[in-house]
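Single-structure report; data block below.
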Ligand code: FE
Ligand code: CA
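Residue numbers (our numbering): 24 to 537.
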């Protein structure tokens, strides 16, 4: 197609080369919504709707020509789109891998909406999302799920299908590890020498095209697509969206920080391109701002944190120097000065609940095995940053908050417990409850006996090796949390295996099993 002819077809636009609708139909050649739709970051008056034009997820540029393509969108008050309440046209730009992020505004608070896109003569599937309650409202309940760590090779996304079918879900907090960066079979060994159920395409990912293709491969999964179409997400990232155990400018491997910044930059661009997030999270050359708040009326404030971008290096060369003594764990910062102050300010509010939504285990956790004489604490979790944890606890206590619920992930186990005010007194006073959700599919080869782990960690009530997610139902009176697991992920179509239930009151950071 000649550029001159195209320009004639669309008129001389000032916004660059946009494909006219009649040409789009011809040029895309196939269904362009192959990796689905999503909604995210709801507010009282709307939410983000997202898609990325892709006809062939594993091909160069997803099979899409490198031109600007108009994408029509619409939001309706009913599933059949008989009452369209908002519509418009966005442009899918090649600079952003033909992703589209529309910040829909002007909607009514706390109600369900349906959305879809049109491009190239095709219509996307329909997604559903719910706006948040109005600021002055005290909703009778808010249900949100916490999930993440979805290694594509380790298992099918049966847990995502299960989550997609949860009734009345308001939001999914994704704590990260949405993709894993390794080549086929690289993140092992898996327990008992079990081989993966499917393979990553390509080797370890480094370039923007690599990261785009990996995201597109994951998003080709119909069970993951179903979850996105069912509910709005609040998306964050952990390490594997970029590189194992990275923090700040430091790679998990021994790499020149300037070199690593290039990798982080393209990985963050690809993350933005594939997540339903706002323009405030646009990837800049200097990094991006991923921490933000969601206010759910007067019921809860969710503080979404970024525990990677501003963190200081892990102590003891990330645990390679042993033993890693307590003294080595006091100097660092998890959030960086700016985000720490932002969180401290944000905890000053009158909501019934505060939810700190982040990536890493906050409470102390002794991982020693039966042969270890001494405590064994992690370095890539808050245990590596004891002073930073003390400052977080200080922020909670100076306001006398009893309503703090921490949700986390990364560990590929369920860990539910109470955060002690002093890490030397796990039986003592508590500052918050913590629900660490296990992985959706990723395995963890550690196999410590459960009773042994619980014996070494008296503040922990649940430690279990399952795949699944957590479902939190918050009301003004209580939080009821269900820890849900899927029975298997070796073949598509697992079922609910088990539920363990916890109840928390907003005036005491204590867990009750129910
Ligand atoms: Fe993970
Ligand atoms: Ca991780």
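Even for Gly, the Cβ is constructed at its ideal location relative to N, Cα and C.
Worksheet entry | Collapsed DSSP secondary structure at residue 453 in the structure displayed | strand
Worksheet item: With distances taken between CB atoms, is the gap from residue 150 to residue 253 smaller than 9 angstroms?
Response: yes
Practice prompt. Flag this pair as yes or no: are the beta carbons of residue 321 and residue 459 separated by less than 9 angstroms?
Written response: no
Discussion item. Would you call the stretch 291-303 in contact with the stretch 136-143, where contact means no fewer than 3 C-beta pairs closer than 8 angstroms?
Written reply: no
Worksheet item: For residue 263, is the beta carbon positioned less than 8 angstroms from some heavy atom of ligand 2?
Response: Yes, since a heavy atom of ligand 2 falls inside the 8 angstroms radius drawn around the Cβ of residue 263.
Worksheet item: CB-CB under 7 angstroms to residue 16, same chain, minus the five flanking residues each way: which ones, in chain order?
Response: Outside the displayed range of the chain (24 to 537) lies residue 16, so it cannot be described from this structure.
Practice prompt. Using alpha carbons as the reference points, say which of 105, 499, 318 and 194 lies closest to residue 157.
Written response: 318
Worksheet item: Tell me the DSSP bridge mates of residue 150?
Response: 138
Worksheet item: Got a sec, what are the start and stop residues for the alpha helix (DSSP H) residue 479 sits in?
Response: 473-479
Worksheet item: Could you name the residues, in chain order, whose CB is less than 5 angstroms away from a heavy atom belonging to ligand 1?
Response: 172, 200 and 465
Item to complete: May I ask you to check if the CB of residue 128 is nearer than 8 angstroms to at least one heavy atom of ligand 2?
Response: no
Worksheet item: Which same chain residues, not among the five before or five after residue 327, have their C-beta less than 8 angstroms away from its C-beta?
Response: 196, 257, 259, 313, 314, 315, 316, 317, 380 and 381
Worksheet item: For the candidate residues 456, 394, 498 and 281, whose alpha-carbon lies nearest to that of residue 419?
Response: Looking at 456, 394, 498 and 281, the one whose alpha-carbon comes closest to that of residue 419 is 456.
Fill in: Inter-residue CB distance, residue 154 and residue 66 (contact presumed, cutoff 8 angstroms)
Contact between residue 154 and residue 66 holds, since their C-beta atoms are separated by about 7 angstroms, short of 8 angstroms.
Fill in: Terminal residues of the alpha helix (DSSP H) in which residue 191 lies
No alpha helix (DSSP H) holds residue 191; DSSP gives it neither H nor E.
Worksheet entry | Opposing strand residues paired with residue 73 [DSSP bridges] | 61 and 124
Worksheet item: Name the DSSP bridge partner or partners of residue 440?
Response: 457 and 483
Worksheet item: Can you list the beta strand (DSSP E) stretches of 3 or more residues lying completely in the stretch 483-507, in chain order?
Response: Counting only runs of 3 or more, we get 483-487 and 491-497.
Discussion item. Less than 9 angstroms between the C-beta atoms of residue 441 and residue 453, yes or no?
Written reply: yes
Worksheet item: Does the stretch 179-198 come close enough to the stretch 236-251 to have 3 or more Cβ pairs within less than 8 angstroms?
Response: yes
Discussion item. Going by DSSP in three states, residue 376 sits in which element: helix, strand or coil?
Written reply: strand
Worksheet entry | Cβ distance (whole Å) where residue 123 is taken to contact residue 109 below 8 angstroms | Actually they do not touch by this definition, with Cβ atoms about 15 angstroms apart.
Discussion item. Spatial neighbours of residue 526 within its chain, please: C-beta separation below 6 angstroms, excluding the five flanking residues on both sides.
Written reply: 501, 503, 535 and 537
Worksheet item: With 16 other CB atoms within 10 Å as the buried threshold, where does residue 279 fall?
Response: exposed
Worksheet item: What's the call for residue 38, buried or exposed, on a 16-neighbour Cβ count within 10 Å?
Response: Residue placement at residue 38 is flagged as unreliable, the pLDDT there being 48, under the threshold of 50; the coordinate-derived value follows with that caveat. When all chains shown are included, residue 38 counts as exposed.
Item to complete: May I have the straight-line CA-CA distance separating residue 36 from residue 329, to the nearest angstrom?
Response: Model confidence at residue 36 stands at a pLDDT of 41, short of 50, so the residue's coordinates are unreliable and nothing is read from them.
Worksheet item: What is the DSSP secondary structure of residue 431, counted as helix, strand or coil?
Response: strand
Worksheet item: For residue 300 versus residue 63, is the C-beta spacing smaller than 9 angstroms?
Response: yes
Worksheet item: Within the chosen definition, does the stretch 182-189 reach the stretch 470-478 through at least 3 CB pairs nearer than 8 angstroms?
Response: no
Practice prompt. For residue 26, count neighbouring Cβ atoms within 10 angstroms of its own Cβ and tell me buried if that reaches 16, exposed if not.
Written response: With a pLDDT of 43 at residue 26, under the threshold of 50, the predicted position of this residue should be treated as unreliable, though the coordinate-derived value follows. Under this definition residue 26 is an exposed residue.
Item to complete: Indicate the three-state DSSP secondary structure (helix, strand or coil) for residue 523 in the structure shown.
Response: Residue 523: strand per DSSP, three-state reduction.
Worksheet item: Just curious, the beta strand (DSSP E) that residue 325 is in, first and last residue?
Response: Taken as a continuous stretch (DSSP letters only), the beta strand (DSSP E) holding residue 325 covers 323-327.
Item to complete: Return helix, strand or coil for residue 340, following the three-state DSSP convention.
Response: helix
Practice prompt. Please confirm whether any heavy atom of ligand 2 lies closer than 8 angstroms to the CB of residue 382.
Written response: yes
Worksheet item: Per DSSP, what kind of secondary structure is residue 353 in: helix, strand or coil?
Response: coil
Discussion item. Considering Cα atoms alone, identify which of 309, 505 and 303 is closest to residue 286.
Written reply: 309
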